[in-house]
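Right, one structure below, let's go through it.
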Amino acid sequence: MDDPSLAEIGFKILLILFFVFANGFFVLSEFALVTVRKSWVETLAKKGHRRAQTLLRVVNDLDNYIAATQLGITIASLALGWIGEPALAALFRPLFERLPTQFLPAAAAHTTAIGVAFVLITFLHVVMGELAPKTMALERTERMALGVALPMLIFYYLFYPFVKLLNRSGLFFLRLLRLPPAGEHRAMYAEEIQQMINLSGERGLLEAHARQWMTNVLDFSGLLVRNVMRPRGQVTAIEVSTPLDEIIRTFAQTGYSRSPVYREQLDNIMGVLYSKDLLLSLRHPEKIQIESLLRPALFVPDGASVGEVLRLMLHSKTHFAIVVDEYGAFDGVVSLEDLLEELVGEIRDEHDVEEEARIIKQHDGSWLLDGLLTVREVNRRLHLNIPESDEYATVAGFLMTKTGRLPAVGERITHQDLIFIIQQIKGRRIARVKVESLSRTLA
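Residue 105 is where the sequence shown starts when you use the working numbering, and the numbers rise one by one after that.
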(Lines of atoms letter the chains of each structure in order from A and count residues from 1; the text may use other names and numbers.)
(Lines give C-alpha, C1' and ligand atoms only; values in the text may rest on other atoms or scores of the structure.)
Protein backbone atom coordinates (compact mmCIF):
# COMPACT_ATOMS: atom_id res chain seq x y z
CA MET A 1 0.00 0.00 0.00
CA ASP A 2 1.41 3.40 -0.99
CA ASP A 3 2.27 5.83 1.77
CA PRO A 4 -0.07 8.87 1.95
CA SER A 5 1.30 12.11 0.54
CA LEU A 6 2.04 15.13 2.72
CA ALA A 7 -1.01 16.87 1.24
CA GLU A 8 -3.25 13.95 2.17
CA ILE A 9 -1.82 13.83 5.69
CA GLY A 10 -2.33 17.58 6.16
CA PHE A 11 -5.90 17.45 4.83
CA LYS A 12 -6.84 14.56 7.11
CA ILE A 13 -5.38 16.27 10.18
CA LEU A 14 -7.29 19.47 9.36
CA LEU A 15 -10.46 17.44 8.91
CA ILE A 16 -9.98 15.74 12.28
CA LEU A 17 -9.35 19.06 14.03
CA PHE A 18 -12.40 20.57 12.32
CA PHE A 19 -14.74 17.89 13.66
CA VAL A 20 -13.15 17.98 17.14
CA PHE A 21 -13.69 21.72 17.36
CA ALA A 22 -17.16 21.41 15.82
CA ASN A 23 -18.07 18.95 18.56
CA GLY A 24 -16.61 21.34 21.13
CA PHE A 25 -18.59 24.26 19.72
CA PHE A 26 -21.91 22.44 20.03
CA VAL A 27 -21.09 21.20 23.55
CA LEU A 28 -20.14 24.73 24.58
CA SER A 29 -23.33 26.08 23.00
CA GLU A 30 -25.52 23.59 24.84
CA PHE A 31 -24.06 24.36 28.27
CA ALA A 32 -23.94 28.12 27.71
CA LEU A 33 -27.55 28.32 26.50
CA VAL A 34 -28.87 26.15 29.32
CA THR A 35 -26.90 28.00 32.02
CA VAL A 36 -27.33 31.64 30.97
CA ARG A 37 -29.90 33.59 33.00
CA LYS A 38 -32.85 34.68 30.90
CA SER A 39 -33.41 37.74 33.11
CA TRP A 40 -29.87 38.93 32.33
CA VAL A 41 -30.40 38.42 28.59
CA GLU A 42 -33.73 40.29 28.67
CA THR A 43 -32.18 43.23 30.52
CA LEU A 44 -29.33 43.48 28.02
CA ALA A 45 -31.68 43.09 25.04
CA LYS A 46 -33.89 45.95 26.30
CA LYS A 47 -30.82 48.20 26.26
CA GLY A 48 -30.49 47.57 22.51
CA HIS A 49 -27.61 45.07 22.63
CA ARG A 50 -27.89 43.29 19.27
CA ARG A 51 -26.18 40.05 20.23
CA ALA A 52 -28.36 39.89 23.35
CA GLN A 53 -31.45 40.33 21.17
CA THR A 54 -30.30 37.39 19.04
CA LEU A 55 -29.57 35.37 22.17
CA LEU A 56 -33.05 36.18 23.51
CA ARG A 57 -34.58 34.63 20.38
CA VAL A 58 -32.61 31.49 21.12
CA VAL A 59 -33.43 31.18 24.83
CA ASN A 60 -37.11 31.84 24.12
CA ASP A 61 -37.13 28.67 22.00
CA LEU A 62 -34.60 26.75 24.05
CA ASP A 63 -35.94 23.22 23.50
CA ASN A 64 -35.48 23.44 19.73
CA TYR A 65 -32.02 24.97 19.99
CA ILE A 66 -30.90 22.31 22.47
CA ALA A 67 -32.11 19.75 19.93
CA ALA A 68 -29.99 21.59 17.34
CA THR A 69 -26.89 21.34 19.55
CA GLN A 70 -27.55 17.62 20.02
CA LEU A 71 -27.81 17.19 16.26
CA GLY A 72 -24.52 19.05 15.81
CA ILE A 73 -22.78 16.96 18.48
CA THR A 74 -24.05 13.74 16.90
CA ILE A 75 -22.94 14.73 13.38
CA ALA A 76 -19.50 15.83 14.58
CA SER A 77 -18.98 12.69 16.71
CA LEU A 78 -20.04 10.31 13.94
CA ALA A 79 -17.89 12.12 11.39
CA LEU A 80 -14.93 12.05 13.75
CA GLY A 81 -15.29 8.31 14.22
CA TRP A 82 -15.92 7.67 10.54
CA ILE A 83 -13.09 9.83 9.15
CA GLY A 84 -10.74 10.43 12.07
CA GLU A 85 -9.85 6.91 13.15
CA PRO A 86 -9.18 5.50 9.66
CA ALA A 87 -7.27 8.66 8.74
CA LEU A 88 -4.98 8.47 11.76
CA ALA A 89 -4.59 4.72 11.34
CA ALA A 90 -3.47 5.30 7.74
CA LEU A 91 -1.10 7.98 9.00
CA PHE A 92 0.54 5.78 11.65
CA ARG A 93 0.54 2.46 9.78
CA PRO A 94 3.54 3.27 7.52
CA LEU A 95 5.50 4.37 10.58
CA PHE A 96 4.82 1.08 12.39
CA GLU A 97 5.58 -0.96 9.24
CA ARG A 98 9.05 0.60 9.13
CA LEU A 99 9.84 -0.60 12.65
CA PRO A 100 12.13 -3.66 12.94
CA THR A 101 10.13 -6.91 12.86
CA GLN A 102 11.72 -8.06 16.11
CA PHE A 103 10.21 -4.99 17.80
CA LEU A 104 6.81 -5.06 16.01
CA PRO A 105 5.85 -7.86 13.61
CA ALA A 106 4.61 -6.64 10.22
CA ALA A 107 1.25 -8.38 10.73
CA ALA A 108 0.63 -6.33 13.91
CA ALA A 109 1.38 -2.95 12.35
CA HIS A 110 -2.18 -2.42 11.09
CA THR A 111 -3.81 -3.43 14.40
CA THR A 112 -1.41 -1.27 16.41
CA ALA A 113 -2.06 1.72 14.15
CA ILE A 114 -5.84 1.35 14.66
CA GLY A 115 -5.37 1.10 18.46
CA VAL A 116 -3.17 4.19 18.63
CA ALA A 117 -5.57 6.09 16.35
CA PHE A 118 -8.53 5.12 18.56
CA VAL A 119 -6.77 6.28 21.75
CA LEU A 120 -5.69 9.57 20.18
CA ILE A 121 -9.14 10.31 18.71
CA THR A 122 -10.78 9.50 22.05
CA PHE A 123 -8.37 11.79 23.87
CA LEU A 124 -9.00 14.68 21.47
CA HIS A 125 -12.75 14.07 21.57
CA VAL A 126 -12.98 14.00 25.37
CA VAL A 127 -10.53 16.81 26.19
CA MET A 128 -10.96 19.25 23.29
CA GLY A 129 -14.47 18.28 22.28
CA GLU A 130 -16.12 17.85 25.71
CA LEU A 131 -14.27 18.88 28.88
CA ALA A 132 -12.66 22.13 27.73
CA PRO A 133 -15.86 23.52 26.12
CA LYS A 134 -17.96 22.63 29.19
CA THR A 135 -15.51 24.43 31.46
CA MET A 136 -15.48 27.50 29.22
CA ALA A 137 -19.28 27.58 29.12
CA LEU A 138 -19.63 27.31 32.89
CA GLU A 139 -16.86 29.80 33.72
CA ARG A 140 -17.84 32.47 31.15
CA THR A 141 -21.51 31.70 30.61
CA GLU A 142 -22.74 35.14 29.50
CA ARG A 143 -19.83 35.82 27.16
CA MET A 144 -19.99 32.37 25.58
CA ALA A 145 -23.79 32.50 25.18
CA LEU A 146 -23.57 35.83 23.36
CA GLY A 147 -20.86 34.40 21.11
CA VAL A 148 -22.69 31.22 20.07
CA ALA A 149 -26.16 32.73 19.62
CA LEU A 150 -25.80 33.81 15.96
CA PRO A 151 -23.98 30.67 14.73
CA MET A 152 -26.60 28.51 16.46
CA LEU A 153 -29.38 30.56 14.88
CA ILE A 154 -27.88 29.96 11.43
CA PHE A 155 -27.30 26.24 12.09
CA TYR A 156 -30.85 25.87 13.41
CA TYR A 157 -32.41 27.27 10.23
CA LEU A 158 -30.05 25.30 7.96
CA PHE A 159 -31.07 22.04 9.63
CA TYR A 160 -34.58 23.09 10.64
CA PRO A 161 -36.42 19.97 9.31
CA PHE A 162 -34.01 17.60 11.07
CA VAL A 163 -34.15 19.57 14.34
CA LYS A 164 -37.95 19.52 14.33
CA LEU A 165 -37.96 15.81 13.54
CA LEU A 166 -35.62 15.08 16.44
CA ASN A 167 -37.54 17.25 18.86
CA ARG A 168 -40.93 15.79 17.97
CA SER A 169 -39.54 12.26 18.05
CA GLY A 170 -38.24 12.89 21.55
CA LEU A 171 -41.63 14.23 22.68
CA PHE A 172 -43.33 11.19 21.13
CA PHE A 173 -41.18 8.77 23.12
CA LEU A 174 -41.76 10.78 26.30
CA ARG A 175 -45.51 10.42 25.78
CA LEU A 176 -45.10 6.68 25.24
CA LEU A 177 -43.34 6.52 28.61
CA ARG A 178 -46.02 8.80 30.11
CA LEU A 179 -43.43 11.35 31.13
CA PRO A 180 -44.18 15.08 30.99
CA PRO A 181 -42.03 17.08 28.56
CA ALA A 182 -39.50 19.30 30.28
CA GLY A 183 -40.32 23.00 30.13
CA GLU A 184 -37.90 25.46 28.64
CA HIS A 185 -37.20 26.92 32.02
CA ARG A 186 -38.26 24.46 34.66
CA ALA A 187 -38.72 25.57 38.23
CA MET A 188 -35.63 25.10 40.33
CA TYR A 189 -35.73 23.02 43.48
CA ALA A 190 -34.86 24.68 46.77
CA GLU A 191 -31.77 22.44 47.03
CA GLU A 192 -30.50 23.73 43.67
CA ILE A 193 -31.06 27.34 44.67
CA GLN A 194 -29.24 26.67 47.95
CA GLN A 195 -26.30 25.19 46.03
CA MET A 196 -26.17 28.33 43.86
CA ILE A 197 -26.24 30.53 46.98
CA ASN A 198 -23.43 28.50 48.59
CA LEU A 199 -21.34 28.59 45.42
CA SER A 200 -21.82 32.35 45.05
CA GLY A 201 -20.82 32.81 48.69
CA GLU A 202 -17.70 30.68 48.31
CA ARG A 203 -16.65 32.67 45.24
CA GLY A 204 -17.12 35.97 47.03
CA LEU A 205 -20.11 37.06 44.94
CA LEU A 206 -22.38 37.25 48.00
CA GLU A 207 -21.62 38.82 51.35
CA ALA A 208 -22.07 36.59 54.38
CA HIS A 209 -25.20 38.36 55.64
CA ALA A 210 -26.86 38.28 52.21
CA ARG A 211 -26.06 34.59 51.89
CA GLN A 212 -27.58 33.93 55.32
CA TRP A 213 -30.73 35.91 54.50
CA MET A 214 -31.27 33.98 51.28
CA THR A 215 -30.79 30.69 53.10
CA ASN A 216 -33.28 31.81 55.75
CA VAL A 217 -35.87 32.63 53.08
CA LEU A 218 -35.51 29.14 51.59
CA ASP A 219 -35.85 27.53 55.03
CA PHE A 220 -38.76 29.73 56.07
CA SER A 221 -41.55 27.95 54.19
CA GLY A 222 -40.55 24.58 55.66
CA LEU A 223 -40.64 25.73 59.28
CA LEU A 224 -43.49 24.92 61.64
CA VAL A 225 -44.63 27.36 64.30
CA ARG A 226 -43.65 24.87 67.03
CA ASN A 227 -40.03 25.29 65.91
CA VAL A 228 -39.97 29.05 66.54
CA MET A 229 -42.54 29.64 69.30
CA ARG A 230 -41.78 30.47 72.92
CA PRO A 231 -42.78 27.22 74.70
CA ARG A 232 -45.40 27.11 77.43
CA GLY A 233 -42.83 26.90 80.22
CA GLN A 234 -41.20 30.18 79.13
CA VAL A 235 -44.41 32.18 78.75
CA THR A 236 -45.29 34.83 81.31
CA ALA A 237 -49.09 34.71 81.44
CA ILE A 238 -51.48 36.62 83.70
CA GLU A 239 -54.44 35.17 85.57
CA VAL A 240 -57.45 37.43 85.06
CA SER A 241 -58.03 37.95 88.80
CA THR A 242 -54.43 39.09 89.46
CA PRO A 243 -54.32 42.44 91.33
CA LEU A 244 -53.57 45.49 89.17
CA ASP A 245 -50.31 46.40 90.91
CA GLU A 246 -48.99 42.87 90.38
CA ILE A 247 -49.89 42.99 86.67
CA ILE A 248 -48.05 46.30 86.31
CA ARG A 249 -45.03 44.82 88.11
CA THR A 250 -45.08 41.78 85.77
CA PHE A 251 -44.95 43.99 82.67
CA ALA A 252 -42.18 46.10 84.23
CA GLN A 253 -40.05 43.08 85.13
CA THR A 254 -40.42 41.18 81.86
CA GLY A 255 -40.31 44.15 79.50
CA TYR A 256 -42.92 42.47 77.29
CA SER A 257 -45.49 44.63 75.53
CA ARG A 258 -48.24 41.98 75.60
CA SER A 259 -49.19 38.95 77.65
CA PRO A 260 -51.81 36.21 77.38
CA VAL A 261 -54.50 36.31 80.05
CA TYR A 262 -56.20 33.16 81.33
CA ARG A 263 -58.88 32.18 83.81
CA GLU A 264 -57.96 29.64 86.51
CA GLN A 265 -55.81 27.43 84.25
CA LEU A 266 -53.38 28.26 81.46
CA ASP A 267 -55.31 26.25 78.87
CA ASN A 268 -58.26 28.62 79.27
CA ILE A 269 -56.91 31.67 77.41
CA MET A 270 -59.32 34.62 77.47
CA GLY A 271 -57.37 37.08 75.34
CA VAL A 272 -54.22 39.19 75.16
CA LEU A 273 -53.44 42.19 77.36
CA TYR A 274 -51.33 44.96 75.82
CA SER A 275 -49.20 47.07 78.15
CA LYS A 276 -50.10 50.27 76.27
CA ASP A 277 -53.82 49.59 76.80
CA LEU A 278 -53.14 49.11 80.49
CA LEU A 279 -51.11 52.32 80.73
CA LEU A 280 -53.82 54.36 79.02
CA SER A 281 -56.40 53.07 81.49
CA LEU A 282 -54.29 54.05 84.52
CA ARG A 283 -55.75 57.57 84.41
CA HIS A 284 -58.76 56.03 86.15
CA PRO A 285 -57.37 52.98 88.00
CA GLU A 286 -60.51 52.55 90.08
CA LYS A 287 -62.50 51.81 86.92
CA ILE A 288 -60.09 49.27 85.44
CA GLN A 289 -61.51 45.86 84.61
CA ILE A 290 -58.89 43.63 83.04
CA GLU A 291 -61.43 41.70 80.99
CA SER A 292 -62.54 44.89 79.23
CA LEU A 293 -58.94 45.63 78.19
CA LEU A 294 -58.33 42.26 76.57
CA ARG A 295 -57.92 41.98 72.83
CA PRO A 296 -59.08 38.85 70.99
CA ALA A 297 -56.35 36.23 70.77
CA LEU A 298 -55.23 34.77 67.46
CA PHE A 299 -55.03 30.99 67.93
CA VAL A 300 -52.83 28.91 65.62
CA PRO A 301 -52.04 25.17 65.68
CA ASP A 302 -48.49 24.16 66.53
CA GLY A 303 -48.24 22.29 63.23
CA ALA A 304 -48.99 25.37 61.10
CA SER A 305 -46.25 26.66 58.83
CA VAL A 306 -44.62 29.93 59.80
CA GLY A 307 -45.57 31.33 56.41
CA GLU A 308 -49.25 30.68 57.08
CA VAL A 309 -49.00 32.20 60.58
CA LEU A 310 -47.31 35.28 59.12
CA ARG A 311 -50.18 35.68 56.62
CA LEU A 312 -52.73 35.30 59.43
CA MET A 313 -50.95 37.96 61.50
CA LEU A 314 -50.88 40.39 58.60
CA HIS A 315 -54.54 39.73 57.78
CA SER A 316 -55.70 40.13 61.38
CA LYS A 317 -53.31 43.06 62.00
CA THR A 318 -51.85 41.49 65.12
CA HIS A 319 -48.24 40.77 66.09
CA PHE A 320 -48.97 38.02 68.58
CA ALA A 321 -50.51 34.54 68.42
CA ILE A 322 -51.40 31.81 70.90
CA VAL A 323 -50.11 28.37 69.86
CA VAL A 324 -52.24 25.35 70.75
CA ASP A 325 -51.66 21.63 70.30
CA GLU A 326 -53.95 19.13 68.60
CA TYR A 327 -56.09 18.89 71.74
CA GLY A 328 -56.53 22.65 72.03
CA ALA A 329 -54.20 22.91 75.03
CA PHE A 330 -51.97 25.97 75.38
CA ASP A 331 -48.57 25.18 73.86
CA GLY A 332 -46.81 28.54 73.70
CA VAL A 333 -46.82 31.93 72.01
CA VAL A 334 -45.26 33.32 68.86
CA SER A 335 -44.73 36.94 67.90
CA LEU A 336 -44.12 38.72 64.63
CA GLU A 337 -40.58 39.36 65.86
CA ASP A 338 -40.02 35.60 66.26
CA LEU A 339 -41.05 35.08 62.64
CA LEU A 340 -38.97 37.96 61.29
CA GLU A 341 -35.91 36.68 63.15
CA GLU A 342 -36.13 33.53 61.05
CA LEU A 343 -35.58 35.72 57.99
CA VAL A 344 -33.15 38.43 59.10
CA GLY A 345 -31.53 36.86 62.16
CA GLU A 346 -31.50 37.95 65.77
CA ILE A 347 -33.35 41.19 66.53
CA ARG A 348 -31.98 42.59 69.77
CA ASP A 349 -33.60 45.34 71.84
CA GLU A 350 -33.31 46.80 75.32
CA HIS A 351 -35.61 44.14 76.76
CA ASP A 352 -33.52 41.16 75.67
CA VAL A 353 -31.35 40.90 78.78
CA GLU A 354 -33.45 37.98 79.97
CA GLU A 355 -32.80 36.18 76.68
CA GLU A 356 -29.05 36.60 77.15
CA ALA A 357 -29.30 35.03 80.61
CA ARG A 358 -30.74 31.88 79.05
CA ILE A 359 -27.59 31.32 76.97
CA ILE A 360 -24.47 31.93 79.06
CA LYS A 361 -20.91 31.39 77.85
CA GLN A 362 -18.63 29.65 80.36
CA HIS A 363 -14.91 30.31 80.89
CA ASP A 364 -13.99 26.88 79.51
CA GLY A 365 -15.69 27.64 76.16
CA SER A 366 -18.85 25.67 76.90
CA TRP A 367 -22.34 27.17 77.07
CA LEU A 368 -25.01 26.97 79.76
CA LEU A 369 -28.48 26.71 78.22
CA ASP A 370 -32.01 27.02 79.49
CA GLY A 371 -33.63 23.66 78.73
CA LEU A 372 -36.71 25.39 77.33
CA LEU A 373 -34.78 27.14 74.57
CA THR A 374 -35.93 25.92 71.18
CA VAL A 375 -33.54 23.72 69.24
CA ARG A 376 -33.72 26.12 66.31
CA GLU A 377 -32.77 29.09 68.50
CA VAL A 378 -29.75 27.25 69.93
CA ASN A 379 -28.66 26.09 66.48
CA ARG A 380 -28.86 29.65 65.19
CA ARG A 381 -27.13 31.30 68.13
CA LEU A 382 -24.31 28.75 68.56
CA HIS A 383 -24.05 27.52 64.95
CA LEU A 384 -24.87 23.95 65.94
CA ASN A 385 -26.67 21.23 64.02
CA ILE A 386 -28.95 19.67 66.64
CA PRO A 387 -31.64 17.79 64.68
CA GLU A 388 -35.13 19.29 64.65
CA SER A 389 -38.19 17.07 64.83
CA ASP A 390 -41.97 17.14 65.11
CA GLU A 391 -41.58 15.17 68.36
CA TYR A 392 -39.97 18.04 70.29
CA ALA A 393 -39.25 21.75 70.03
CA THR A 394 -36.84 22.48 72.90
CA VAL A 395 -33.35 21.36 73.89
CA ALA A 396 -34.88 19.59 76.90
CA GLY A 397 -37.29 17.79 74.59
CA PHE A 398 -34.43 16.73 72.32
CA LEU A 399 -32.43 15.27 75.22
CA MET A 400 -35.44 13.45 76.69
CA THR A 401 -36.33 12.05 73.27
CA LYS A 402 -32.73 10.91 72.77
CA THR A 403 -32.54 9.15 76.15
CA GLY A 404 -36.18 8.04 76.32
CA ARG A 405 -36.46 9.26 79.93
CA LEU A 406 -35.77 12.19 82.25
CA PRO A 407 -31.97 12.29 82.66
CA ALA A 408 -30.35 12.77 86.07
CA VAL A 409 -28.29 15.78 87.13
CA GLY A 410 -24.69 15.33 85.99
CA GLU A 411 -25.60 12.83 83.29
CA ARG A 412 -23.66 13.25 80.03
CA ILE A 413 -25.46 12.79 76.72
CA THR A 414 -23.43 12.65 73.50
CA HIS A 415 -24.62 13.71 70.05
CA GLN A 416 -21.99 13.67 67.28
CA ASP A 417 -19.17 15.93 68.61
CA LEU A 418 -21.39 17.57 71.25
CA ILE A 419 -21.66 16.63 74.92
CA PHE A 420 -24.71 17.75 76.89
CA ILE A 421 -24.31 17.72 80.68
CA ILE A 422 -27.48 18.02 82.74
CA GLN A 423 -27.03 20.83 85.29
CA GLN A 424 -30.47 21.29 86.84
CA ILE A 425 -33.79 19.44 86.96
CA LYS A 426 -37.01 21.17 88.00
CA GLY A 427 -39.92 18.85 88.62
CA ARG A 428 -40.15 16.68 85.53
CA ARG A 429 -38.19 18.83 83.11
CA ILE A 430 -34.59 19.72 82.31
CA ALA A 431 -34.07 23.30 83.51
CA ARG A 432 -30.36 23.81 82.74
CA VAL A 433 -27.91 21.97 80.52
CA LYS A 434 -24.28 22.62 79.61
CA VAL A 435 -23.13 21.93 76.06
CA GLU A 436 -19.53 21.56 74.92
CA SER A 437 -17.81 20.31 71.79
CA LEU A 438 -15.11 17.67 71.51
CA SER A 439 -13.66 19.06 68.28
CA ARG A 440 -14.13 22.85 68.22
CA THR A 441 -14.81 25.99 70.18
CA LEU A 442 -18.50 26.85 70.15
CA ALA A 443 -19.46 30.29 68.81
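Even glycine gets a Cβ: it sits at the ideal position worked out from N, Cα and C.
With contacts defined by Cβ atoms closer than 8 Å, I301 and R315 form a contacting pair.
Each of V162, S396, G475 and G432 was checked against the Cα of D406, and the nearest Cα belongs to G432.
Within the same chain, T478, R480, E492 and A497 come within 7 Å of N331 by CB-CB distance, once the 5 residues on both sides are set aside.
Pairing A241 with F129 gives a Cβ-Cβ distance that is not under 8 Å. V339 is not a Cβ neighbour of G469, given a cutoff of 8 Å. Per DSSP, the continuous alpha helix (DSSP H) segment holding E441 begins and ends at L440 to V448. For S439, the CB contacts under 7 Å within the same chain, skipping 5 residues up- and downstream, are H423 and F424 in chain order. For S409, no beta strand (DSSP E) encloses it, and the DSSP letter there is neither H nor E. Between V482 and V499, the C-beta gap is smaller than 8 Å, which places the two residues in contact. For G251, the closest C-alpha among the options L224, L160, G274 and L328 is that of L160.
The C-beta separation of A172 from F123 comes to about 17 Å, leaving the pair out of contact by the 8 Å criterion.
Taking the C-beta atoms as reference points, S409 is found nearer than 8 Å to S325. Pairing Y360 with A341 gives a Cβ-Cβ distance that is not under 8 Å. When only Cα atoms are considered, L476 and S304 end up about 36 Å apart. In this structure, G337 lies near R533, with their beta-carbon atoms less than 8 Å apart. By the C-beta density criterion, I490 is buried, having at least 16 other C-beta atoms within 10 angstroms. Listed as beta-bridge partners of W471 by DSSP are K465 and V539.
Within the same chain, Cβ atoms closer than 7 Å to the Cβ of V162 are found at L137, Y169, A253, M256 and L257, the five residues on either side in sequence being excluded.
Here the alpha carbon of E430 sits roughly 20 Å from the alpha carbon of T505.
For M333, the secondary structure class from DSSP, reduced to helix, strand or coil, is coil. Where Q357 is concerned, there is no enclosing beta strand (DSSP E), although the alpha helix (DSSP H) around it starts and stops at L348 to T358. Spatial neighbours of N372 in its own chain (CB-CB distance under 7 Å, excluding positions within 5 residues in sequence) are listed in chain order as Y366.
Q369 and S363 have their C-alpha atoms roughly 15 Å apart. Rounded to the nearest whole angstrom, the C-alpha separation of A356 and L386 is 14 Å. Between V404 and L414, the gap from beta carbon to beta carbon reaches 8 Å or more.
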